[in-house]
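Chains as they are written, first to last, in my numbering: chain A, 24 to 468; chain B, 24 to 468. Ideal placement from N, C-alpha and C gives every residue a C-beta, glycine not left out. No experiment lies behind these values; they were computed from the predicted model shown.
2 protein chains.
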Amino acid sequence: MKDINELLFLFRPDSAEEESIRKITDFIFEKILSYCRDNNIDAEPVLVGSVAKGTNLKDGDIDVFVRFDRKYARAKMEKWGLSIGHIVLRDGKEKYAEHPYVTGFMNEKKVDIVPCYRMDQGEKKLSSVDRTPLHTEYVKSKLNLEGKDEVRKLKLFMKYIGVYGADARISGFSGYICELLIINMGDFHRTIEAFAAMRGKLVIGDPENTDSFDSPAIVIDPTDKTRNAAAAISVENLSRMKFCSRLYLNGRLPEYNQYNGQRKDTKDRGTNLSIFRIKKPDIMDDILYPQVMRFKNAIWEIMERNDLRPVSWEVCVKDHIDVVIESENKAVPALKIHQGPPVDEPSSLDFYNKWMNMEISRGPYILGDRIYVDLIRQQKSIDDVVREGLKNVNIGKNIDDQKEAMEIFDPYDTGKDSCALDLFLSKFIFQAHPPEKTSRNTRSS
Amino acid sequence: MKDINELLFLFRPDSAEEESIRKITDFIFEKILSYCRDNNIDAEPVLVGSVAKGTNLKDGDIDVFVRFDRKYARAKMEKWGLSIGHIVLRDGKEKYAEHPYVTGFMNEKKVDIVPCYRMDQGEKKLSSVDRTPLHTEYVKSKLNLEGKDEVRKLKLFMKYIGVYGADARISGFSGYICELLIINMGDFHRTIEAFAAMRGKLVIGDPENTDSFDSPAIVIDPTDKTRNAAAAISVENLSRMKFCSRLYLNGRLPEYNQYNGQRKDTKDRGTNLSIFRIKKPDIMDDILYPQVMRFKNAIWEIMERNDLRPVSWEVCVKDHIDVVIESENKAVPALKIHQGPPVDEPSSLDFYNKWMNMEISRGPYILGDRIYVDLIRQQKSIDDVVREGLKNVNIGKNIDDQKEAMEIFDPYDTGKDSCALDLFLSKFIFQAHPPEKTSRNTRSS
Chain A
24 MKDINELLFL
34 FRPDSAEEES
44 IRKITDFIFE
54 KILSYCRDNN
64 IDAEPVLVGS
74 VAKGTNLKDG
84 DIDVFVRFDR
94 KYARAKMEKW
104 GLSIGHIVLR
114 DGKEKYAEHP
124 YVTGFMNEKK
134 VDIVPCYRMD
144 QGEKKLSSVD
154 RTPLHTEYVK
164 SKLNLEGKDE
174 VRKLKLFMKY
184 IGVYGADARI
194 SGFSGYICEL
204 LIINMGDFHR
214 TIEAFAAMRG
224 KLVIGDPENT
234 DSFDSPAIVI
244 DPTDKTRNAA
254 AAISVENLSR
264 MKFCSRLYLN
274 GRLPEYNQYN
284 GQRKDTKDRG
294 TNLSIFRIKK
304 PDIMDDILYP
314 QVMRFKNAIW
324 EIMERNDLRP
334 VSWEVCVKDH
344 IDVVIESENK
354 AVPALKIHQG
364 PPVDEPSSLD
374 FYNKWMNMEI
384 SRGPYILGDR
394 IYVDLIRQQK
404 SIDDVVREGL
414 KNVNIGKNID
424 DQKEAMEIFD
434 PYDTGKDSCA
444 LDLFLSKFIF
454 QAHPPEKTSR
464 NTRSS
Chain B
24 MKDINELLFL
34 FRPDSAEEES
44 IRKITDFIFE
54 KILSYCRDNN
64 IDAEPVLVGS
74 VAKGTNLKDG
84 DIDVFVRFDR
94 KYARAKMEKW
104 GLSIGHIVLR
114 DGKEKYAEHP
124 YVTGFMNEKK
134 VDIVPCYRMD
144 QGEKKLSSVD
154 RTPLHTEYVK
164 SKLNLEGKDE
174 VRKLKLFMKY
184 IGVYGADARI
194 SGFSGYICEL
204 LIINMGDFHR
214 TIEAFAAMRG
224 KLVIGDPENT
234 DSFDSPAIVI
244 DPTDKTRNAA
254 AAISVENLSR
264 MKFCSRLYLN
274 GRLPEYNQYN
284 GQRKDTKDRG
294 TNLSIFRIKK
304 PDIMDDILYP
314 QVMRFKNAIW
324 EIMERNDLRP
334 VSWEVCVKDH
344 IDVVIESENK
354 AVPALKIHQG
364 PPVDEPSSLD
374 FYNKWMNMEI
384 SRGPYILGDR
394 IYVDLIRQQK
404 SIDDVVREGL
414 KNVNIGKNID
424 DQKEAMEIFD
434 PYDTGKDSCA
444 LDLFLSKFIF
454 QAHPPEKTSR
464 NTRSS
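Right, dumping it as structure tokens:
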């Protein structure tokens, strides 16, 4: 890869951008303060997120929270939050995370105006966004200017290998985790060294707090000792981070463009590729992605149960939800060796009585300590089997609504393309992501 | 099945046969005694086996042992044994078990003349045949006339379901075990009830003796408490015996001819059948069969390792040794998902470095906590893969000599038949056996 300092130089906001951000936030703060004054609301604007902490990369979003006193009812606070959002952002759109919020653009910068409640450290949060200002304060108090650039380097490295982002789509490292890592390890290089040397879980925090968690990565949130701030990180992304850190220290981390997203068109794998495509419901990624994974798992299990022998998969969400599954078999194999109970079980006699009266291929016979029969099944296609199987699976309302209209095709037979096929064919040591995101992820850091 | 008493009536020796046996043994005893007298040898004839114990079925063999004093050297005793054998049996042939012996026919009855040493109970045996006369004495002392017929019923039942015979080909119940079962359980019906109710192992004997054995069936030999007389019984045959006993008590044990050996010609199993055929070496079954099983296991493992997905098998020894293996795949699949080490292992870096420089289908990539690559293999046939694989496997001299000349064929494609295919297609709750035996099995009871 490129030298990390060169990357920092390329992706650190320049002074013009910093000046622009300052102007935008001044303007927004003024608007919010005057609205609250005019309407006699006990609330104030707070700049949060990477911009507030000075760990932002080029073209980052500006996140402004409107922090309300806890005396206000949720409905009232949310109504005011949206009103303020629309006043600040003339063309803003309403989105929904834990509270509804308004998102839009100002001087070509993406801006979110998000309502939350005031919360002191140790105080019970009312929703997870309430905690965000505490994170901002904590990080600001711990990082100096150099530390902020070290965080930027770590974020760039993680983006490079595809593990940056705590949302359900990526299941990787959040910006806050990057900051906590630098605060703990000292700088970028020492953090990379720590990952390169790491065995097993990532654990940061006192054992009395970390012991109660079972995730692959455990980083106790310094603003709330009962919270694992690293809960989103998958074992796969932790493994990628460890492995790529080792490659980096050995000077062997490959050039991004040389590998990432480079499709290898190999039709000669001798397997069967099926793409399962449904319409993308218009919901937040953090609600959608777990459903997409359940959808994929449901198809995988149906294929496995029917001996279609699935061997690998990718999912991609863009205009559609595409799941690609590679399988050894194109159709359900005729032979089913049906294992019955051990002969020691009284039910083995029922098994025998049942199958003695059926038209079967072989048996009943005894192998080891069990009874078996060989059955011949109808040779159903993947299409039939999966459609039939999905009828009885509850994946989640948004996807269940789309199951009926599901399209199933072989990308090679039909010549139809899919971003899931791109991911499949370009699978590499980096985590590849579908080219663009379509909706805002979560609001909590 | 037929009524067991009807079977007994059909297969119990009649008085004419009993009279014939008496005449033959009188004649043999006289010959042996006069030879020993003339040559001043301290030895005497002993009638052993089922004829001696009165538990013989129709057309059973007559086993006469010549029991020598322990003062004679093995070579001398064996030489005399063969001389006596040839004097008794004019057209007798020499065979080899633990000692060489002579086998032949007299008045259409098969007769074996076998040398052994005198041995008292508790005394150290010199070879396993020396124990046989002790078994004969023990059983004679414990069984009355009714008991003998109960043993005959049990033997007939076990023959019916294919589990009678302790040799390596059958791995079932010996005649001696049948006798011990009746002595222990009282009669045929109670023995069947015991098997029908049995869970787990068959165990007969004091715990202090049985505890040291780990076989599926443990029956302490009353003439030698350190010996498990049931060591030959496979878990499969024990399971068959339990299950068929239950069917029998429920009146559901099917007619033998209706099922056993009835081929179901099912070409529509959607699998691949391969028959591996080699010449049968001219050695005893008890030496041959373990090699045949190793031969089958070697082929199975080679096929499994190459993802040919073997699913079932049979072996048959007649003129040839035939192994039939059913497999899901006809050729090695193109795709090989090659699992590397966990990324926590330093060797994961070697794996990466190795495969980064190779022409591969996909990767290296990370899945869970491990590194992988997808490889494309040459599509080798079963024939190529098994021949190549067997080169490096040591099965046993007698079979290793035949490996080069092995024939491999698909019985359906070639129209060639095989007794292994018969077994394969007629697999049922009974253990089927190839139609005829070609060589004498073991000499020990």
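| Check | Outcome |
| --- | --- |
| Straight-line Cα distance separating B:Ile-344 from B:Pro-313 | 12 angstroms |
| Proximity to B:Arg-340 [Cα-Cα], best of B:Phe-453, B:Ile-215, B:Pro-156, B:Met-307 | Note on identity: in this sequence residue 340 of chain B is Val, with Arg being the wrong assignment. Of the listed residues, the one whose Cα sits closest to B:Val-340 is B:Met-307. |
| Residues of the segment 240-269 of chain A whose Cβ lies closer than 7 angstroms to any Cβ of chain B, in chain order | Val-258, Glu-259, Ser-262, Arg-263, Lys-265, Phe-266, Arg-269 |
| Length of the line joining the Cα atoms of B:Thr-48 and B:Met-129 | 10 angstroms |
| Nearest to B:Phe-34 (by Cα), restricted to the options B:Glu-146, B:Lys-303, B:Tyr-183 | B:Tyr-183 |
| Which residues DSSP lists as bridging A:Thr-126, in chain order | A:Lys-116, A:Asp-135 |
| A:Val-315, enclosing alpha helix (DSSP H) - first and last residue | 308-328 |
| Beta-carbon proximity list for B:Arg-192, same chain, < 6 angstroms, skipping 5 on both sides | Asp-308, Tyr-312 |
| Minimum C-alpha distance to B:Ala-219 - residue among A:His-158, A:Pro-387, A:Arg-60, A:Ser-371 | A:Ser-371 |
| Range of the contiguous alpha helix (DSSP H) that encloses B:Asp-61 | 38-62 |
| Outcome for B:Gly-363 when other beta-carbon atoms lying within 10 angstroms are tallied against a minimum of 16 | buried |
| Short CB-CB distance (under 9 angstroms) between A:Gln-470 and chain B | Here chain A has residues from 24 to 468 only, and residue 470 of chain A is not among them. |
| 9 angstroms Cβ cutoff, A:Ser-38 in contact with chain B | no |
| Straight-line gap, B:Pro-365 to B:Tyr-375 (C-alpha atoms, nearest Å) | 12 angstroms |
| B:Pro-369 burial status per 10 Å Cβ neighbour count (16 or more: buried) | exposed |
| Check whether B:Thr-78 and B:Arg-175 have beta carbons under 9 angstroms apart | yes |
| C-alpha gap between B:Asp-37 and B:Val-137, whole angstroms | 26 angstroms |
| Beta carbon of B:Ile-399 nearer than 9 angstroms to that of A:Arg-113 | no |
| Amino acids of chain B, ordered along the chain, whose beta-carbon sits closer than 8 angstroms to that of A:Lys-287 | Ser-384, Arg-385 |
| Endpoints, beta strand (DSSP E) assigned at B:Ala-357 | Looking at the DSSP string, B:Ala-357 is not in any beta strand (DSSP E), and its letter there is neither H nor E. |
| Rounded Cβ spacing between B:Phe-451 and A:Tyr-388 (contact assumed at less than 8 angstroms) | 6 angstroms |
| Short Cβ contact (9 angstroms threshold) for B:Ser-151 with B:Tyr-140 | no |
| Nearest neighbour of B:Gly-104, chosen from B:Glu-411, B:Ala-66, B:Val-71 [CA to CA] | B:Ala-66 |
| Within chain A, the residues that B:Pro-356 reaches when beta carbons sit closer than 8 angstroms | Gly-293, Thr-294, Glu-351 |
| Inter-residue spacing [alpha-carbon to alpha-carbon] between B:Ile-301 and B:Tyr-124 | 28 angstroms |
| Rounded Cβ spacing between B:Trp-323 and B:Ile-348 (contact assumed at less than 8 angstroms) | 6 angstroms |
| Neighbour-count burial assignment, B:Pro-230, 16 or more Cβ in a 10 Å radius | exposed |
| At least 3 beta-carbon pairs within less than 8 angstroms: the segment 93-111 of chain A vs the segment 44-64 of chain A | yes |
| DSSP-derived helix/strand/coil call for A:Ala-443 | helix |
| B:Asp-84 vs B:Val-162 beta-carbon contact at 9 angstroms | no |
| Own chain partners of B:Asp-92 with C-beta closer than 7 angstroms, once the 5 adjacent residues on each side are dropped | Asp-65, Ala-66, Arg-141 |
| Limits of the alpha helix (DSSP H) - the one that A:Ala-217 falls within | 211-220 |
| Inter-residue Cα distance where the pair is B:Gly-419 and B:Val-334 | 25 angstroms |
| Closer than 9 angstroms to chain B by CB, A:Arg-222 | yes |
| Selection of the segment 390-417 of chain A by Cβ proximity to chain B, strictly under 8 angstroms | Leu-390, Gly-391, Asp-392, Arg-393, Ile-394, Asp-397, Ile-399, Gln-402 |
| Among A:Met-208, A:Ile-200, A:Asp-82, the one whose alpha carbon lies nearest that of A:Ser-43 | A:Asp-82 |
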